[in-house]
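K.L.:
First residue of the sequence shown: 138, per our numbering; consecutive thereafter.
Heads up, the beta-carbon is just placed ideally off N, CA and C, and yes, glycines get one too.
All of these numbers come straight from a predicted model, not from anything done at the bench.
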Amino acid sequence: MSAEAGELDRPLTAVPAGERGATRIADRVVAKIASQAAREAVGTLPPDAGRPSASVVVHHKAAHVRVHLELDYPCDVGDRCHQVRHQVVERVGTLAGMEVPEVVVQVERLHLVAGPGAAEGRTR
138 MSAEAGELDR
148 PLTAVPAGER
158 GATRIADRVV
168 AKIASQAARE
178 AVGTLPPDAG
188 RPSASVVVHH
198 KAAHVRVHLE
208 LDYPCDVGDR
218 CHQVRHQVVE
228 RVGTLAGMEV
238 PEVVVQVERL
248 HLVAGPGAAE
258 GRTR
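And the structure:
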């Protein structure tokens, strides 16, 4: 009998969770999750608006997120930013298993939505 066959007959021993290894999720992966969450929260944007993007710094299972986005105007900017923060915290927590103590939302540009009178140069 070979040594390898003898090893198969030994009972398996459980290795404690802390000694099995660790899963590390790269910052860029968390940034993609945050970007997608921001897109979901923002909804439909004007055709010339850029897609939301995010940058992330992960430190001890906590993701600090900065989201850059463009919004249509007029809108409730504060409410839209709140929706983005909420969605980013929820999605990063669910998909990456990380706490998100900070989400900074930076509105880069506002896009004027054409309304009645816009063709004559009036905004109201």
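With distance defined between alpha-carbon atoms, name the residue in L182, R222 and A233 nearest to R246.
P.N.:
The candidate whose alpha carbon is nearest that of R246 is L182.
K.L.:
Quick one: grab the DSSP three-state call for D209.
P.N.:
Residue state, collapsed to three classes: strand.
K.L.:
For the beta strand (DSSP E) that L249 lies in, which residues bound it at each end?
P.N.:
Its beta strand (DSSP E) spans residues E236 to L249.
K.L.:
How far does the beta strand (DSSP E) with V152 in it extend, from its first residue to its last?
P.N.:
It is not in any beta strand (DSSP E) - V152 carries neither H nor E in the DSSP assignment.
K.L.:
Between A186 and E156, how many whole angstroms is the CB-CB distance? I'm expecting something under 8 Å.
P.N.:
At roughly 49 Å, the Cβ-Cβ gap does not stay under 8 Å, so A186 and E156 are not in contact.
K.L.:
Between the Cα of H267 and the Cα atoms of A151, V242, D164 and S192, which residue gives the shortest distance?
P.N.:
Look at the range of the chain in this structure, 138 to 261, and you will see that residue 267 is not part of it.
K.L.:
According to DSSP, simplified to helix, strand and coil, what is H223?
P.N.:
H223: helix per DSSP, three-state reduction.
K.L.:
Let me know if P238 comes out buried or exposed under the rule of 16 or more other beta-carbons within 10 Å of its beta-carbon.
P.N.:
Answer is exposed; the Cβ neighbour count stays below 16.
K.L.:
Of the residues P184, V204, V194 and V202, which one's Cα is nearest the Cα of A249?
P.N.:
The sequence shown places Leu at residue 249, rather than the Ala named in the question. Of the listed residues, the one whose Cα sits closest to L249 is P184.
K.L.:
Taking the beta carbon of P211 as the centre, do at least 16 other beta carbons fall within 10 Å, making it buried, or is it exposed?
P.N.:
Classification for P211: exposed.
K.L.:
Just to confirm the assignment, what range does the beta strand (DSSP E) spanning A191 have?
P.N.:
From DSSP, the beta strand (DSSP E) with A191 extends over S190 to H196.
K.L.:
Kindly indicate the opening and closing residues of the alpha helix (DSSP H) around R176.
P.N.:
Counting along the chain, the alpha helix (DSSP H) containing R176 begins and ends at D164 to V179.
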